[in-house]
Amino acid sequence: MEGLDGAAYPWRFRMVLGLLGVLVAVICWRIISLQVFNNEFLQRQGDARSLRYITIPACRGEIVDRNGEPLAVSTPVTTLWGNPKVLIGEEEKWPVIARMLDISFSDFSSYLLKNQEKDFLYLARRLPPQRGEEIMSFFQKDRILGVYSIEESRRYYPAGAVAAHVVGFTDLDDHGSEGVEFAYEKSLQGIPGKEKVLKDRRGDLIRDIQLVKPPKAGETLNLSIDLRLQYLAHRELESAVKENNAKAGSVVILDVKTGEILAIANQPTYNPNNRAHLLPANMRNRALVDVFEPASTMKPLSMSAALESGRWTPTDIVKIDSGTLRLGRYTIRDLSRTEGPQLDLTGILIRSSNVGMSKIAFDIGGDTIHNFLWRLGIGQSSGLGFPGERAGHLPNYAKWQPAETATLSYGYGISLTAIQLAHAYSVIANNGKNAPLTLIKTNKSPNLEQVIPKSVASAMQGMLQQVIEAPHGIFRAKVMGYHIAGKSGTARKNTVGSKGYAIDAHRGIFAGFGPLSDPKYVIVVTIDEPSKAGYFGGVVAAPVFSRVMAGTFRLMNIRPDNLESVVKTKN
4 MEGLDGAAYP WRFRMVLGLL GVLVAVICWR IISLQVFNNE FLQRQGDARS LRYITIPACR
64 GEIVDRNGEP LAVSTPVTTL WGNPKVLIGE EEKWPVIARM LDISFSDFSS YLLKNQEKDF
124 LYLARRLPPQ RGEEIMSFFQ KDRILGVYSI EESRRYYPAG AVAAHVVGFT DLDDHGSEGV
184 EFAYEKSLQG IPGKEKVLKD RRGDLIRDIQ LVKPPKAGET LNLSIDLRLQ YLAHRELESA
244 VKENNAKAGS VVILDVKTGE ILAIANQPTY NPNNRAHLLP ANMRNRALVD VFEPASTMKP
304 LSMSAALESG RWTPTDIVKI DSGTLRLGRY TIRDLSRTEG PQLDLTGILI RSSNVGMSKI
364 AFDIGGDTIH NFLWRLGIGQ SSGLGFPGER AGHLPNYAKW QPAETATLSY GYGISLTAIQ
424 LAHAYSVIAN NGKNAPLTLI KTNKSPNLEQ VIPKSVASAM QGMLQQVIEA PHGIFRAKVM
484 GYHIAGKSGT ARKNTVGSKG YAIDAHRGIF AGFGPLSDPK YVIVVTIDEP SKAGYFGGVV
544 AAPVFSRVMA GTFRLMNIRP DNLESVVKTK N
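Under the working numbering, the first residue of the sequence shown carries the number 4, and numbering increases by one thereafter.
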């Protein structure tokens, strides 16, 4: 047993102790080296497993009307998401999860199994915050792993269907999809922020470390729309479409002096807060997207071109004879009867004579009318940047044939939108000055361009006043207490897929402005395919114009300039 005594082999004992000492020294040096001299590697590895940078969503900018009334606001919501790789291990709790999310167990299980290789999966989007907190509290209490929540925002539209075609809406990811929401996406969306946080291996947040970059909210968009006028236009148009059993309709209210669009109403419309059963056709902003032949509402513009040429004055006489004019195989006809074989230029507008307008057009030429309309913005984009907006069609020929010249002069063979027609009339109402169109509220006077002579615009204002106030004028467009100027039009529609013009499909139109003492507002009304109480513009569109213009004067506190009409009515 002496061979096992350490005293007999002192060198072995010393060697073991030495080796242990060296091992302890190496371990200590390694610890010191890693913690003091070479700690960056461990810090990087630790950070990679626990530190995360999370995106802080930026609040989308509000959309308000010209008076600050909200048209689109963002409200907080909760979105639940899951990690399928973790949830796969919680199979016994799938029925509970499905029940709390208000979906069937079979749908939930198939959805999860289909995406089990992913790390992220939406479970429920845009829940009310209270409901989201309730679900997450239940999951935490029941120790259900793999389900997490994030705070998002949802767009809400206080005006609902009334301003839907102007404002538009956002998609599930809060990006603009239609209307102003889409057109001004860059300004509204804001800039997301970034925050450094500490998470555990399951991805649960332990604590916030540092705000790296604060979020920047989107800009507030102050539209030119006046919500009071928008409600007025919406109400009157909806009533007119129902009353006339029409397919659709539009109303535009434009500020003559600034070019600001105060209201755009369309029927049919939709509720942007509930799009579950939305029809794509109802989403169209018809006032900016639908093009149509303006028919007789074009005559004042063509007549203005004749006045500008210097070859015609309002009192000049045109022979119309029987009210028909033969051009080769085409015959131009006047729909209204006239007393006598001739009319002056004002009479041509009052009687809406196609024959008289054609003869004037033959004298000045198609090029003259084309160039005049081009200066008014016809055939060009309005510059609003609205999605889907169309420029229409202004024909131009190397050599104008008589039929082409005639049809252009009284509004056929040309197409435009309701907003373009309103813009053209605003130039006449503003004494020949053009104010660029805008959907954004302006706080300063715009740069006005004199595009037609003031004398021509002034003469046309007086002529269009007679169109309303003359004994055989469009009396349905009158506004009690005010002098009004305007013109109706009735266009036979050339329906898609049909051969030529449909027999029973028409569009009734009215365009006008007032008060005539100092024109402030242009209103254009279109009623598409009325089928109950007639289809002429003076019958179906003029009454809507009258009610909307009267309401506009009342809401904007415009002083009457025709008190005589009130006195005569009372007597």
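All C-beta atoms, glycine included, are put in the ideal place defined by N, C-alpha and C. Quantities reported herein were computed from a predicted structural model and do not represent experimental measurements.
Asked	Found
Does the beta-carbon distance from residue 156 to residue 77 come in below 8 Å?	yes
Give me the Cα-Cα distance between residue 68 and residue 392, rounded to the nearest whole angstrom.	21 Å
Would you list the residues sitting across from residue 263 in a DSSP beta bridge?	441
In or out: residue 19 buried (at least 16 other Cβ within 10 Å) or exposed?	exposed
Less than 8 Å between the beta carbons of residue 304 and residue 379, yes or no?	yes
From the DSSP output, in three-state form, read off residue 295 for me.	strand
In the DSSP assignment, the beta strand (DSSP E) including residue 119 goes from what residue to what residue?	Where residue 119 is concerned, there is no enclosing beta strand (DSSP E), given that its DSSP letter is neither H nor E.
Could you tell me which of 460, 102, 221, 478 sits nearest to residue 196, measuring between CA atoms?	221
Under the assumption that residue 416 contacts residue 398 (Cβ atoms under 8 Å), give the Cβ distance between them as a whole number of angstroms.	6 Å
Apart from the five residues just before and just after residue 122, which ones in its own chain have a Cβ nearer than 8 Å to its Cβ?	86, 87, 88
Do the CB positions of residue 182 and residue 188 come within less than 8 Å of each other?	no
I need the straight-line Cα distance from residue 251 to residue 542, nearest angstrom please.	16 Å
Please report the distance separating the alpha-carbon of residue 560 from that of residue 232.	13 Å
Using a Cβ-based criterion (distance less than 7 Å to any ligand heavy atom), does residue 436 qualify as near the ligand NAD?	Only the bare structure without any ligand can be found here, which leaves the ligand NAD out of the picture.
From residue 235 to residue 422, what does the alpha carbon distance come to, in whole angstroms?	18 Å
Comparing alpha-carbon positions, which option in 173, 362, 164 lies nearest residue 64?	173
Within its chain, find whatever has a CB closer than 7 Å to the CB of residue 499; leave out the 5 residues flanking it on each side and keep chain order.	Note that residue 499 scores a pLDDT of 48, beneath 50, so its modelled location is shaky; the value from the coordinates is reported in the next line. None.
Measuring alpha carbon to alpha carbon, tell me which of 548, 509, 253 ends up nearest residue 529.	253
Tell me whether the beta-carbon of residue 471 lies closer than 8 Å to the beta-carbon of residue 488.	yes
When burial is assigned at 16 or more other CB atoms within 10 Å of the CB, is residue 509 buried or exposed?	buried
Straight-line CA distance for residue 435 to residue 526?	17 Å
Do you know offhand how far residue 359's Cα is from residue 336's?	10 Å
Do residue 323 and residue 475 have their C-beta atoms closer together than 8 Å?	no
Following the continuous alpha helix (DSSP H) through residue 320, name the residue where it begins and the one where it ends.	From DSSP, residue 320 is part of no alpha helix (DSSP H) but of the beta strand (DSSP E) over 320-322.
What is the DSSP secondary structure of residue 172, counted as helix, strand or coil?	coil
Check each candidate in 165, 263, 192, 185 and name the one with the smallest Cα separation from residue 285.	165
Which residue spans inside the stretch 496-545 form an unbroken alpha helix (DSSP H) run of at least 4?	540-543
Note down, in chain order, each residue of its chain lying with its Cβ closer than 7 Å to the Cβ of residue 98, except the 5 sequence neighbours on either side.	108
May I ask you to report which of helix, strand or coil DSSP gives residue 16?	helix
What are the boundary residues of the beta strand (DSSP E) that residue 258 is part of?	251-258
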